[in-house]
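Participant: Residue numbers (full-length UniProt numbering): 1 to 155.
Beta carbons are placed, not taken as given, at the ideal position from N, Cα and C, and that holds for glycine.
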Amino acid sequence: MSKAKVEILTDWNEQIVLIENAAAIMPWSRSNLRSCFSSGYQNFAAKTADGNIVGFIIVQQQLRDEWTIMDVAVDPNFQRQGIGYQLVTQVTMAADLVQAEIILEVRESNQAAQHLYKQSGFNQIGERKEYYPNPDGSRETAVVMSRKPQSTLSR
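1. How would you call isoleucine 125, buried or exposed, if buried means at least 16 neighbouring beta carbons within 10 angstroms?
2. Kindly list the residues whose CB is nearer than 7 Å to the CB of arginine 155, restricted to its own chain and excluding five residues on each side of it in sequence; keep chain order.
3. Mark asparagine 32 as exposed unless 16 or more other C-beta atoms lie within 10 angstroms of its C-beta, in which case mark it buried.
4. Does the segment 15 to 23 come within contact of the segment 61 to 69, defined as at least 3 CB pairs closer than 8 Å?
5. Within its chain, find whatever has a CB closer than 7 Å to the CB of proline 133; leave out the 5 residues flanking it on each side and keep chain order.
6. Nearest to tryptophan 12 by CA position, among Ala46, Gly55, Arg34, is which residue?
7. Would you please state the rounded distance, in angstroms, between the beta carbons of isoleucine 57 and asparagine 43? I believe it to be under 8 Å.
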């Protein structure tokens, strides 16, 4: 299990672009990533003890009771260490506090991510055919998943 610490990421950091480029099949552009550091988003970073960002999650919060996980990426050198799970858990705990449902899309081929989401309480609610572009010009189906809010002790 990882020794990374997850915290709110309020300020832009260039490490986000480096991680996205290393981890994603079709990475987001710097400008798209940067636009997620504005009103309506809450972002979290997983950091090592020396403060280096090794993973991040971008969450759009346009509605109080419905959030969308827009992007999750972990540095390939730190994958399979529980960092993705830590990031998703941070978001699910925050969503539960305000009783928000979480929606996301994930590539059909990304079985590891789908497994992580299922472990975190997400269920498949649909598909979007030919949703994701691939480097070779083909398109891939997106699996749409949702997690209903769980009750919390603070309710």
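Facilitator: In brief:
1. exposed
2. Only weak support exists for where arginine 155 lies, its pLDDT of 43 falling under 50; the value from the coordinates is given anyway. Within the same chain, arginine 155 has no close Cβ partners at all.
3. exposed
4. no
5. Met26, Arg139
6. Arg34
7. 7 Å
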